[in-house]
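Q: For reference, the structure I am asking about is given below.
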Amino acid sequence: MSTQLKDMKRKPAPEPPTTAFQYPESTDIIDIDSNNLNSSNAGSKPSWVWNHLKDLSDPNFVIFQVVTKTGNKWGKKLKKGKSSSTKNLKNNVLQWIKSGDMRPKPPINSDNLKTVLVYLLANCDPPFAFVERKSFRKLFRLLNKSAMPLINSINQSTIATHTSCVFIQSKETIKSEILKKRNSISFTQDAWTAPNSTAFMGMTAHYINSDFTMHNLTVAVPHIQGKMLLSYCIQSFLPN
Numbered sequence: 001m002s003t004q005l006k007d008m009k010r011k012p013a014p015e016p017p018t019t020a021f022q023y024p025e026s027t028d029i030i031d032i033d034s035n036n037l038n039s040s041n042a043g044s045k046p047s048w049v050w051n052h053l054k055d056l057s058d059p060n061f062v063i064f065q066v067v068t069k070t071g072n073k074w075g076k077k078l079k080k081g082k083s084s085s086t087k088n089l090k091n092n093v094l095q096w097i098k099s100g101d102m103r104p105k106p107p108i109n110s111d112n113l114k115t116v117l118v119y120l121l122a123n124c125d126p127p128f129a130f131v132e133r134k135s136f137r138k139l140f141r142l143l144n145k146s147a148m149p150l151i152n153s154i155n156q157s158t159i160a161t162h163t164s165c166v167f168i169q170s171k172e173t174i175k176s177e178i179l180k181k182r183n184s185i186s187f188t189q190d191a192w193t194a195p196n197s198t199a200f201m202g203m204t205a206h207y208i209n210s211d212f213t214m215h216n217l218t219v220a221v222p223h224i225q226g227k228m229l230l231s232y233c234i235q236s237f238l239p240n
């Protein structure tokens, strides 16, 4: 038993898993002195940026890489130049951080994709059948071929259902996060009849924020059947 315990103590601890890192295809051309890079590898590091540079097989390029809070590696491909200054590189690093380029992007899944399409349909006002058109799917394939299985599962019916879900969620958010916190709100209404003789009434809320900026929110578009007063619609919409 003692021999087994000694053997167990002698076994080295397993190495932590390494995160896969793929070199980015995009290239930023920033002057980096080759001599300074070589001296940094030898131990002389005139600036903190050299700690994040890694040589590539191509001697004309390097990778600037950092580790994000999530433990993933993020990198940019840079071209070596003849300048001995690192000021340009420092400024670019700060821009990358402020612009959010170093933040991990949310994964593409069915719900995220349908939500984006809902806002596209709301802004551009095409029919729900737009997501089934061949021209739209060809454009999507050109932009992101790997996500085609997701777009192929979306049709007129699924996008209409998801639109209703987004509307209900947005309505509750407007009630609790926006309108409930305002001291004064005014409402306007606009009634019209669709070509199929269906009557609708659009309700818009208006308020001024602390910066004295006017905001307008479409809060409801109820289907009118018979007599319907705007005051009744407002009371049914406002938070308790």
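Quick note, the sequence shown lines up with residues 1 to 240 if you use full-length UniProt numbering. Beta carbons: idealized from backbone N, C-alpha and C, even for Gly.
Pull up the distance between the alpha-carbon of A205 and that of S197, whole angstroms please.
A: One C-alpha to the other measures close to 26 Å.
Q: Less than 8 Å between the CB atoms is what I'm expecting for F140 and I159, so what's the real figure, rounded?
A: No, F140 and I159 are not in contact; Cβ-Cβ is about 13 Å, not under 8 Å.
Q: Pick from K145, M201, S157, M148: whose alpha carbon is nearest that of F130?
A: Per the Cα distances, S157.
Q: Can you list, in chain order, the residues of its chain with a C-beta nearer than 8 Å to that of V221? Leave out the 5 residues immediately preceding and following it.
A: If we look at V221 and ignore the five residues flanking it on each side, its Cβ neighbours are F200, M201, G202, M203.
Q: According to DSSP, simplified to helix, strand and coil, what is P222?
A: Reduced to three states, the DSSP call for P222 is coil.
Q: With distances taken Cα to Cα, identify the nearest neighbour of F187 among C165, D211, V219.
A: Checking every option, the nearest Cα to that of F187 belongs to V219.
Q: If you follow the beta strand (DSSP E) that L53 is part of, which residue opens it and which one closes it?
A: From DSSP, the beta strand (DSSP E) with L53 extends over 53-55.
Q: Pull up the distance between the alpha-carbon of C124 and that of S146, whole angstroms please.
A: Whole-angstrom Cα-Cα distance: 25 Å.
Q: Report buried or exposed for I168, applying the criterion of at least 16 other Cβ atoms within 10 angstroms of its Cβ.
A: When all chains shown are included, I168 counts as exposed.
Q: Counting C-beta neighbours from all protein chains within 10 Å, is the total for I108 16 or more, i.e. buried, or is it exposed?
A: Looking at its Cβ environment, which holds fewer than 16 other Cβ atoms inside 10 Å, I108 is exposed.
Q: DSSP state of I174, grouped into three classes?
A: If DSSP states are grouped into helix, strand and coil, I174 belongs with the helices.
Q: Mapping the DSSP letters down to three states, classify S210 as helix, strand or coil.
A: In the structure shown, S210 sits in coil (DSSP, three-state: anything other than H, G, I, E or B).
Q: In the DSSP assignment, what are the bridge partners of I63?
A: Bridge partners of I63: K54, K77.
Q: So is K76 buried or exposed if we call it buried at 16+ other beta carbons inside 10 Å?
A: So K76 ends up on the buried side.
Q: What are the boundary residues of the alpha helix (DSSP H) that S110 is part of?
A: Looking at the DSSP string, the run of the alpha helix (DSSP H) that includes S110 is 110-124.
Q: Only counting the same chain, and skipping five residues up and downstream in sequence, which positions put a Cβ closer than 7 Å to that of I174?
A: Excluding residues within five positions, the ones whose Cβ falls inside 7 Å are L217, V219.
Q: How is the beta strand (DSSP E) around S186 delimited, first residue to last?
A: Here the beta strand (DSSP E) through S186 covers 186-193.
Q: Helix, strand or coil for Q156 per DSSP?
A: Q156: helix per DSSP, three-state reduction.
Q: Can you list, in chain order, the residues of its chain with a C-beta nearer than 7 Å to that of A194? Leave out the 5 residues immediately preceding and following it.
A: F200.
Q: What's the gap between the Cα of K134 and the Cα of C165?
A: Roughly 26 Å between the two C-alpha positions.
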